[in-house]
Amino acid sequence: MSITIEFKHIESALQDLPIQNQAMIQLLLLQYIDLSQDAIDYMATDQPDSRFGSGMQPEGKGITLEAVQNVTSRSNQYKGYYRQKRERPGMHVDFLKQTLDLMDQKIRIVEHLLKENYTTDDETLQTTKNHAPKVLLRQEIRKLDRAWEHEEVVQKDYQQQRLLLEYQGLLRRRAILRRRHKISQQEFITAGNSSLKDHEIAHVWGIPLGSLAARKVKALEQFLTRLQKSQETSSPSNGTVQPLDLWRETFTTLAKRPIERSLVEYDGLEKTEEILLSKLQAFVNGDMSEPEESKFWTSITKVNDTEFSGSWASHARSILAFQRLHALFNDMDLSDEALEDEISAKIIPKLPDDQIATEEDDKPIELSEKGLGVIDAFIGEQDDKRRG
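The sequence shown begins at 2 in the numbering used here and counts up by one.
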């Protein structure tokens with residue numbers, strides 16, 4: 002019998018710890034649990050005084066406002082980074098799940114149109130589906146458009162073939178989205194199991210890295226011991242409790258809590274916010290070609306953890322793009338009727354008359370006598386001596 006850890010067990014185990022060990026565990030779990038003010042005050046007091054170097058530290062050191070502000074500032078920096086590091090793939094997973102549902106809906110509508118309006122048999126549909134991964138869509142669409150322009154195909158056949166190509170495009174996009182969804186899920190799980198590294202804890206605490214290992218081992222031992230006792234208390238008296246990886250189960254339990262959404266600002270992605278929004282709109286509508294979509298997806302999801310690209314702002318940059326994507330997605334009309342109208346509009350052939358200018362459009366615009374007078378006033382009198 003396996004007993005899962007609940008959040009109340011984690012809170013209880015933390016509260017029972019001495020303040021030093023409590024501060025250490027809160028730092029390790031900073032992605033999910035905020036530092037208490039008591040822990041911040043303790044770390045600010047516990048920092049070694051640099052004026053004494055490697056000598057004996059003075060007893061009864063007081064707490065300074067500067068030390069408290071430094072600990073708070075550094076902890077908030079790491080807290081924001083680690084929480085956004087998990088929030089970013091979490092938003093990817095949510096958006097991709099919505100988009101995959103939309104793809105399934107569109108594919109179902111296209112299959113219905115092909116069978117009902119164009120009497121396409123199941124064998125043709127299966128053949129089209131099998132050839133979807135290797136077909137060159139843009140070339141095939143251009144080839145079909147040329148055939149229409151040269152009147153080599155009638156309108157109904159054009160629309161059927163164009164709908165089959167749209168069907169293949171949707172199948173390919175769904176396959177790509179499924180791969181992205183799988184990768185994002187793996188990244189989300191990995192980010193959710195991340196804790197602060199030793200040098201980051203030492204940086205927040207303001208203590209030498211060499212003195213951290215012993216404190217960390219002691220804090221973890223006491224915390225996990227208290228968690229184990231809570232499991233023994235919660236288990237039935239006649240049941241056999243299966244051994245648990247308590248530290249991993251702690252992260253699993255905390256990862257189930259709602260993600261706190263970040264407030265981020267535009268920082269230059271795609272050069273201007275107008276260009277970004279127009280590309281996001283095209284991305285949501287599926288108006289981008291596969292190479293453009295792949296390049297844009299990389300642009301809005303990549304993370305640059307280098308000193309030149311700004312590792313702290315990298316996750317926020319992706320979060321902003323997906324906040325906009327969610328807003329655009331929520332504004333869409335996702336009813337079957339609206340999607341059917343959208344698909345039907347894509348397969349309507351362009352009429353040759355639309356590309357031919359009429360004689361009236363070619364006629365120059367004739368100005369009235371008053372208009373000619375205004376133009377002459379702007380030009381002014383002509384100097385006869387300059388005409389020659």
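Cβ atoms here follow ideal geometry from the backbone N, Cα and C, with glycine treated the same way.
Sequence-distant residues of the same chain with beta carbon closer than 8 Å to residue 209, five excluded per side: 49 and 203
So, for residue 223: in the same chain, excluding its five sequence neighbours on each side, which residues have a beta-carbon less than 7 Å away from its beta-carbon? Around residue 223: 18 and 22.
Residue closest to residue 168, alpha-carbon to alpha-carbon, out of 317, 344 and 295: 344
Proximity of residue 323 and residue 92 at Cβ, strictly below 7 Å: yes
Is the distance from the Cβ of residue 330 to the Cβ of residue 285 below 7 Å? Residue 330 is a Cβ neighbour of residue 285, given a cutoff of 7 Å.
Provide the residue span of the alpha helix (DSSP H) that contains residue 107, from first to last. 66-117
Nearest-angstrom Cα distance between residue 131 and residue 121? 16 Å
With residue 158 as the anchor, note down where its alpha helix (DSSP H) starts and where it stops. Note, residue 158: alpha helix (DSSP H), 156-193.
Alpha-carbon to alpha-carbon, residue 64 and residue 234: 40 Å
Quick check: what's the CA-CA separation for residue 247 versus residue 229? So the alpha carbons of these two residues sit roughly 8 Å apart.
Taking only three categories from DSSP, how would you classify residue 289? coil
For residue 80 versus residue 31, is the C-beta spacing smaller than 7 Å? yes
Confirm, please, whether the CB-CB distance from residue 36 to residue 74 is below 7 Å. no
Neighbourhood of residue 188 by C-beta, 6 Å cutoff - its chain only, sequence neighbours within 5 removed: 90
Is it true that the region 181-196 meets the region 249-259, where meeting means three or more beta-carbon pairs spaced less than 8 Å apart? The region 181-196 vs the region 249-259: in contact.
Thinking residue 221 and residue 199 are a contact (beta carbons under 8 Å), I'd like their distance in whole angstroms, please. That belief does not hold up - the Cβ atoms of residue 221 and residue 199 are roughly 12 Å apart, past 8 Å.
Among 43, 334, 78 and 9, nearest to residue 201 - alpha-carbon criterion: Residue 78 is the option with its Cα nearest to residue 201.
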